[in-house]
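> Below: one structure in structure tokens.
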Amino acid sequence: MKRWSIALVAALVGGWAVTAQQGGQPTPPQTFTLRYKGKPGDTNRYRSWFLLRMVGTFPSPSGPREGRMEYRAEATYLHKIVSVAEDGTLEIETTKESGKARMGVDENMRDLPDRPYKRIVRMTNRGKVLEERVVEGEEGDEDEVDEDFPLASPRYQPTRWLDKLFETAVHNIAFPEQAVTVGATWREQVTETLTPNCKVTLTITSRFKELVKLDGKLCAVIESAVDAPIDGQDTVGDWTVAVRGRFTATVTLYFDLERGDERQSFDEGRLALEMTQSGPDRPTITLTHRLISRGKTVLLE
């Protein structure tokens, strides 16, 4: 399930190599070079939880109406390092071992079938994803568009936009080349094309927030904030489709400095959209969407 993949990309397996640079002092290291590490065959198992809530408005003969939806899921994933290149680039295979999901509103929640899922990710040793291939459980073409009624098309589904923006953000949360100290910040910008004329620039600001003890282990806390204004307009058949809004997210990772493994992560994404389709001698239709997603991933030992 596509959105699941994004909420779990934030928990991509692999250890973090921490190189301490001590200036001859017997004190704990304060400068760190953060890198993924591992060797072929290394595995980690993670448990993940995900929640999505969506509220939207749409026109009706009696005036604007509101619709709501909620999705909850949890699963166990096995992450395995397939290969490591000379430059440190890792190829990692992620397989869902078990899971369950529910969708609906309030008391009308229904269980969904547990679908198989497997993907392979290739990323640098700083954490930037270079390529992702879903080899089992891949969905169909999400960019399909209906020229008769564009806003009903997969291209303009709000969950697709949240999915793609979150995926792009997490794929580009990478550590800097240089060593960093607690309190250091760094920034990355990347562009995601959501429709032919809607290119969204995401600004990712990361911070080495602090060192904490988690389950008795000393961990580095890395917090990333994402901000992306949205403004685009497409021509689809006889329609003009305008989309405006904003995507924001936070991703917090906890790294065990002794083991060099990610112990847990938290993420939250928020998407606000206003989509309007209009055309000559056609009614103007406006839909609004508000989506909030929350995820948590924990290393199983």
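So in the numbering used here, spot 214 of the sequence shown is number 214, and the numbers just go up one at a time. Cβ coordinates follow ideal geometry from the N, Cα and C atoms, glycine included.
1. What is the residue span of the alpha helix (DSSP H) that ALA169 lies within?
2. Locate the beta strand (DSSP E) running through PHE266, then write down its first and last residues.
3. Between which two residues does the beta strand (DSSP E) harbouring PRO229 extend?
4. If we count the other Cβ atoms within 10 Å of its Cβ and call it buried at 16 or more, is MET109 buried or exposed?
5. Are there 16 or more other CB atoms within 10 angstroms of the CB of ASP215, so buried, or fewer, so exposed?
6. Compare the beta carbon distance of ARG234 and THR193 with 7 Å and say whether it is the shorter of the two.
7. Looking at C-alpha atoms only, which residue of GLU223, THR201 and GLU301 is the closest neighbour of LEU211?
8. Taking GLN264 as the reference, which of THR240, ASP238, SER293 and LYS213 has the closest Cα?
9. Decide if ARG282 is buried, meaning its Cβ has at least 16 other Cβ atoms within 10 Å, or exposed.
10. Nearest CA to the CA of LYS217: which residue from GLU258, GLY245 and VAL170?
11. Count the other CB atoms within 10 Å of the CB of ASP261; is the residue buried (16 or more) or exposed (fewer)?
12. Using the Cβ count rule (16 or more neighbours within 10 Å means buried), how would you classify THR284?
13. Skipping 5 residues on each side, what residues in its chain have a beta carbon closer than 7 Å to that of THR168?
14. Thinking C-beta only, is THR33 closer than 7 Å to ALA249?
15. With three or more C-beta pairs closer than 8 Å as the rule, is the stretch 32-48 touching the stretch 83-103?
16. What's the call for PRO280, buried or exposed, on a 16-neighbour Cβ count within 10 Å?
17. Here's a check: name, in chain order, each residue in its chain whose Cβ is nearer than 7 Å to the Cβ of ARG119, leaving out the five neighbours to either side.
18. Relative to the C-alpha of SER98, which candidate in ALA174, GLU91 and ASP114 has its C-alpha closest?
19. Report the option in ARG294, GLY88, GLU74 and THR57 whose CA atom is closest to the CA atom of GLU66.
20. Among the candidates MET69, PRO59, THR76 and GLN30, whose CA atom is the shortest distance from the CA of TYR46?
21. With DSSP collapsed to three states, give me the class of PRO303.
22. When the Cα atoms are used, what is the spatial distance from SER48 to THR297?
23. Using a threshold of 7 Å, state whether the C-beta atoms of VAL147 and ASN172 are closer than that.
24. Give the straight-line distance between the Cα atoms of LEU51 and ARG72, rounded to the nearest whole angstrom.
25. Starting from LEU257, trace the beta strand (DSSP E) in both directions and tell me its first and last residue.
26. In terms of residue numbering, what span does the beta strand (DSSP E) encompassing GLU132 cover?
27. Taking 8 Å as the limit between beta carbons, can you name the residues of its chain near CYS219, skipping five residues before and five after?
28. Under DSSP, the beta strand (DSSP E) around GLY99 begins and ends at which residues?
29. When we look at the beta-carbon of LEU287 and count the other beta-carbons within 10 Å, is it buried (16 or more) or exposed?
30. With a threshold of 6 Å on Cβ separation, who are the neighbours of HIS289 within its own chain once the five nearest residues in sequence on each side are excluded?
31. What are the start and end residues of the beta strand (DSSP E) that includes LYS296?
With the given structure in hand:
1. 158-171
2. 261-279
3. 217-236
4. exposed
5. exposed
6. According to the sequence as given, residue 234 is Asp; it is not Arg. Not closer than 7 Å, so no.
7. GLU223
8. LYS213
9. exposed
10. GLU258
11. buried
12. exposed
13. VAL190, GLU192 and LEU202
14. no
15. yes
16. exposed
17. SER5, THR94, GLU132, ARG133, VAL134 and VAL135
18. ASP114
19. THR57
20. THR76
21. Given a span of 1 to 301 for the chain in the structure shown, any question on residue 303 remains unanswerable.
22. 4 Å
23. Checking the sequence shown, residue 147 turns out to be Glu, not Val. Contact: no.
24. 5 Å
25. It is not in any beta strand (DSSP E) - LEU257 carries neither H nor E in the DSSP assignment.
26. 129-136
27. LEU211, VAL212, LYS213, TYR254, PHE255, ASP256, LEU257 and ARG263
28. 90-104
29. buried
30. GLY56, PRO158 and LEU273
31. 282-300
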